[in-house]
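Notes follow once the structure below has been shown.
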Amino acid sequence: MSADPRPKSSDAIEQAAADWLASLDRNGLLDSEPGVDELCERNDAFAVWLIEKTANRIAFLRLYAVWQRSGRLAALRSGQLIEHPSLVRRPFVQALATAACVAVAVLGFGSLWVFGDGAEPPAPLRYHTDRGGMQTITLEDGSVVTLNTETSITVAFTAEERRVELFSGEVFFDVASAPERPFRIEAGDGKIEVLGTSFGVERRASIVEVAVSEGTVWLNSSDVTGGSASVLKAGMIGYASPEGLIVESSGLDAVDSRLLWREGRLRFEETPLREVAKEFNRYNTKQLIISDEVTGNIEIGGTFPLDNVDAFARLAENGLGLEARRSGDRIMLAGN
């Protein structure tokens, strides 16, 4: 008899998935057979384990599917009370793990059938917006992505996953739910994975910002310590960089303000004028120039159309007492 070709780490992952399934069931979290995304919202520790490795997700999804199909159906057929399968008993856990391994082989065969023997997957689709441009695209799975100004992405779907790479700019995602086909986004040091939710992602230099308006998002960072991960829920904003992750519970109002660009507006709250100018300059060929540090420190609040630089310059003159010196595609703001 030949040795088991699977690495020992694979066995450990399968056992960990079975242990999590038993724990969730024991605590009554599987009563209504919720989706994996909902389970993550109910148990943060489980969510962190699930996002830690792609293999973790695969093992749990396969085991959960077997549990749903085999365990409960078997109870119905035998006329027993519909109770939770006794996952605490090791023989049943091992049976599910074995069934999950069979599913690996079946899915592997299915992948060959989809792409053909040795066939290359489809080439990624590319989308790009120029300065001031926005574009909304409905993807083949029903997900909707909205590209902000100066944004570049590629989209590549296979039978196993949906993948987007964000090279620059900002995107709002409204992801169609498909637990068996995770939606993954790569944005420099930020690695993002979801099942179905709504959130914005911005990539600027070495920082990736994720603002969640609905559902749950898993955010990874390839930091100097080897990587870290966090679970973001609605109202949370996460920042990934080479140094690691920072997560803030900002609230839905803050997230909505952050994503107001989809409506053609910008909102500021006690924001230095130099930062306000940078935001306007992202969307317009006519650029705001701040003359000195004192002027740049003036704090601004309010909501403004993002494409009307002249109106903002007039407000700076009339409301703030600044001087707006116009020259071609430049407006310099300075104190009198």
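First residue of the sequence shown? That's 1310 in this note's numbering, and the numbers climb one at a time after it.
No residue lacks a Cβ here, since even glycine has one placed at the ideal position from N, Cα and C.
Nothing here was measured: the structure is a model prediction, and the numbers come from that model.
* Quick one: what does DSSP say residue 1604 is sitting in, helix, strand or coil? -> Secondary structure of residue 1604 (DSSP, three-state): helix.
* Candidates 1453, 1458, 1457, of which the one nearest residue 1464 by Cα -> 1453
* **Residue range of the alpha helix (DSSP H) that includes residue 1616** => No residue range can be given for residue 1616, since it is assigned to no alpha helix (DSSP H) and is classified by DSSP as neither H nor E.
* Can you tell me which of 1477, 1491, 1456, 1461 puts its alpha carbon nearest to the alpha carbon of residue 1469? => Taking only the C-alpha atoms, the option nearest residue 1469 is 1491.
* Flag this pair as yes or no: are the beta carbons of residue 1496 and residue 1509 separated by less than 7 Å? => no
* To do: Out of 1507, 1328, 1626, state which residue places its alpha-carbon closest to the alpha-carbon of residue 1486.
  => 1507
* Asked: Taking the alpha-carbon positions, what's the residue 1371 to residue 1538 distance?
  -> 23 Å
* Would you check if the region 1356 to 1368 and the region 1545 to 1557 touch, i.e. whether three or more CB-CB distances between them fall below 8 Å? => no
* To do: Report yes if the C-beta distance between residue 1326 and residue 1368 is below 7 Å; otherwise report no.
  => Going by C-beta atoms, residue 1326 is nearer than 7 Å to residue 1368.
* **Buried versus exposed call for residue 1603 [16 or more other C-beta atoms within 10 Å across all chains shown]** => When all chains shown are included, residue 1603 counts as exposed.
* To do: Could you spell out the range, first to last residue, of the alpha helix (DSSP H) harbouring residue 1590?
  => 1582 to 1592
* Asked: Do the region 1331 to 1339 and the region 1351 to 1358 make contact, defined as three or more Cβ pairs closer than 8 Å?
  -> Taking 8 Å as the limit for Cβ pairs, the verdict is that the region 1351 to 1358 does touch the region 1331 to 1339.
* Would you call residue 1502 buried or exposed, if buried means 16 or more other Cβ atoms sit within 10 Å of its Cβ? -> Residue 1502 comes out buried.
* Quick one: residues in its chain with C-beta nearer than 6 Å to the C-beta of residue 1459, no 5 flanking neighbours on either side, listed in chain order? => So the list reads 1440, 1478, once near-sequence residues are dropped.
* Does DSSP put residue 1574 in a helix, in a strand, or in coil? -> strand
* To do: With a 10 Å radius around its C-beta and 16 neighbouring C-beta atoms as the bar for buried, classify residue 1631 as buried or exposed.
  => buried
* Kindly provide the ranges of any beta strand (DSSP E) runs that are 3 or more residues long and lie completely inside the region 1501 to 1577, ordered along the chain. => 1507 to 1513, 1516 to 1523, 1525 to 1530, 1537 to 1542, 1545 to 1550, 1553 to 1558
* Cα-Cα separation between residue 1591 and residue 1442, rounded to whole angstroms -> The alpha-carbon atoms of residue 1591 and residue 1442 are separated by roughly 10 Å.
* How would you write the range of the alpha helix (DSSP H) that residue 1350 sits in, first residue to last? -> 1345 to 1351
* **Continuous beta strand (DSSP E) stretch holding residue 1464: start and end** => 1461 to 1466
* Would you list the residues sitting across from residue 1477 in a DSSP beta bridge? => 1461
* To do: Let me know the secondary structure DSSP gives residue 1338 once reduced to three states.
  => coil
* In three-state terms, what does DSSP make of residue 1633? -> strand
* **Status (buried if at least 16 other CB within 10 Å, exposed otherwise) for residue 1498** => buried
* For residue 1561, is the classification buried or exposed, using 16 other Cβ atoms within 10 angstroms of its Cβ as the cut-off for buried? -> When all chains shown are included, residue 1561 counts as exposed.
* To do: Note down, in chain order, each residue of its chain lying with its Cβ closer than 7 Å to the Cβ of residue 1605, except the 5 sequence neighbours on either side.
  => 1581, 1582, 1583, 1599
* To do: Taking all protein chains shown into account, decide if residue 1331 is buried (16 or more other Cβ within 10 angstroms of its Cβ) or exposed.
  => It is buried - the Cβ of residue 1331 has at least 16 other Cβ atoms within 10 Å.
* Taking the continuous beta strand (DSSP E) assigned at residue 1644, which residues delimit it? -> 1639 to 1644
* For residue 1541, which residues from the same chain have a beta carbon less than 8 Å from its beta carbon, with the 5 sequence-adjacent residues on both sides left out? -> 1508, 1519, 1521, 1525, 1526, 1527, 1528, 1547, 1556
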